[in-house]
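Below is one structure; the comments refer to it alone.
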């Protein structure tokens, strides 16, 4: 059922390096815990967390438009964790977006990433 299973830290490290991010960990504020991940991994996780910008929003239309929601902007997440962003199919009669296709965050995947990061930070 599943293929290419790899540790989360390996995927995040590759994203980190592909983006040319500063791996020094300067300003991270979260040194690796004793017995925990090496500093480079803690630095990578800290960098990813600093890039995430939670927002509140309302949908423009639909039954859920009156309720405030919390989440992330897919275009912003895509720069850091492209693996959790998907292009959504356009609906018939929907106007073309200025930036191209509509995108969405796969929240179960993002939860798995954040859970893995928290486990690394706590040294489990």
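Numbering (our numbering), first residue to last: 11 to 134.
The beta carbon of each residue, even a glycine, is placed where N, CA and C say it ideally should be.
Taking Cβ positions, are residue i and residue j nearer each other than 8 Å?
i, j, result
"residue 22", "residue 54", "yes"
"residue 91", "residue 65", "no"
"residue 114", "residue 96", "yes"
"residue 19", "residue 102", "no"
"residue 87", "residue 94", "yes"
Report the three-state DSSP secondary structure of residue i (helix, strand or coil).
i, result
"residue 88", "helix"
"residue 126", "helix"
"residue 111", "coil"
Report all residues from its chain with a CB closer than 6 Å to the CB of residue i; omit the five preceding and five following residues, and keep chain order.
i, result
"residue 98", "112, 114"
Assign residue i to buried or exposed, taking buried as 16 or more other Cβ atoms, counted over all protein chains shown, within 10 Å of its Cβ.
i, result
"residue 27", "exposed"
"residue 69", "exposed"
"residue 127", "buried"
"residue 133", "exposed"
"residue 56", "buried"
Could you name the residues of the same chain whose beta carbon sits closer than 8 Å to that of residue i, not counting the 5 residues immediately before and after it, in chain order?
i, result
"residue 63", "82, 83, 86"
* Whole beta strand (DSSP E) runs in the stretch 56–103 with 3 or more residues, listed along the chain? -> 65–67, 79–81, 95–97
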